[in-house]
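Trainee: Per mature numbering (1 follows the signal peptide of the UniProt record, and there is no 0), the sequence shown runs over residues -20 to -1, 1 to 183. Ideal Cβ placement from N, Cα and C applies to all residues, glycine included. Note that the structure is a prediction, hence the values are computed from the model and not measured. Have a look at this one.
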Amino acid sequence: MRATRTIGPALGASLVLLLAACGEDTTDTGVDPSSEGSSSETPTDTPTETPTAAPVEPVDFGDEPAVEARYKKAALRATSDDLITMVPSTLPEGWTTVGGGYEPDPQWWRMEFTAPTGDVVLDQLPGTSDDALGDQPHLTAADDVDLSDWGTGAWSAWDHDGASVLAYDLKGSTVVLQGPDLETVRGLAETLLPADEAVEQEG
């Protein structure tokens, strides 16, 4: 059983900028450097915060892939292993990437983000969404989300103890997005492209 990040309601850069920032020869600790020292910018008079629901554990797919400092390299390695990995072409405003990696056996591509509304996770595994989610507890089916205007199509949707889950079957794999609410998760889904296409756009 792996240690998972929580998905909870409390919690825009282009792919080019994202990958350039991740390409330095430093170890990725999975922490956004811009968040360090941010407490000094907190005003002394803090407004009253609205109550939020307790965080919930994301769907557990097993032992989490090792964090990769170079997400681009990891994504393209997965693609070369015939797992057509999906990556964001442009992150929604206020989002940061805090982790990610690729595990070749069993295949698993993962990216972790922090959005203004909470933590969001992208997982991609071989098989269908039924294979990945069929035996997961605490999932309640919701109405499909049509993203045809963004180049994909219908994503199946679930509620997971108050969090939102979207899944999309893609050429022998499934992409699973988890986040605090449907609007946040959909915002990520609208930006996704296969990694090899994202590289072509960089050029």
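Grab me the residues of Thr22's own chain with a C-beta within less than 6 Å of its C-beta, minus the 5 sequence neighbours each way, in chain order.
Mentor: Counting from one through the sequence shown, the residue named residue 22 turns up at place 42. With a pLDDT of 45 at Thr22, under the threshold of 50, the predicted position of this residue should be treated as unreliable, and no value is reported.
Trainee: Starting from Thr108 and walking both ways along the beta strand (DSSP E), at which residues does that stretch end?
Mentor: Taking the sequence shown and counting its residues from 1, the one referred to as residue 108 is at position 128. Neither: Thr108 is in no beta strand (DSSP E) and is coded neither H nor E.
Trainee: Among Ser60, Leu146, Asp40, whose alpha-carbon lies nearest the alpha-carbon of Thr132?
Mentor: On the sequence shown, residue 132 is found 152 positions in, with the first residue counted as 1. Looking at the Cα atoms, Leu146 is the closest of the given residues.
Trainee: Would you list, in sequence order, the uninterrupted alpha helix (DSSP H) runs of no fewer than 4 residues that lie entirely inside the region 118 to 169?
Mentor: As far as the region 118 to 169 is concerned, its whole alpha helix (DSSP H) runs of at least 4 residues are 162 to 169.
Trainee: Going by Cα to Cα distance, which pick from Gly107, Thr94, Thr97 is closest to Ile64?
Mentor: As a position in the sequence shown, residue 64 is number 84, starting the count at 1. Nearest C-alpha to Ile64: Gly107.
Trainee: Of the choices Glu92, Arg90, Tyr82, Leu162, whose alpha-carbon is the least far from that of Ala121?
Mentor: What you label residue 121 is simply residue 141 of the sequence shown in a count that begins at 1. Per the Cα distances, Leu162.
Trainee: Between the alpha carbons of Met91 and Thr154, how many angstroms are there, rounded?
Mentor: Stepping through the sequence shown from its first residue, residue 91 is reached at position 111. Stepping through the sequence shown from its first residue, residue 154 is reached at position 174. Computed Cα separation, rounded: 14 Å.
Trainee: Once you ignore the five residues that flank Glu177 on each side, which residues in its own chain have a CB closer than 6 Å to its CB?
Mentor: Position 197 of the sequence shown, counted from the first residue, corresponds to residue 177. Contacts found: none.
Trainee: Could you spell out the range, first to last residue, of the beta strand (DSSP E) harbouring Leu63?
Mentor: Taking the first residue of the sequence shown as 1, we reach residue 63 at position 83. Run containing Leu63: none; DSSP gives neither H nor E here.
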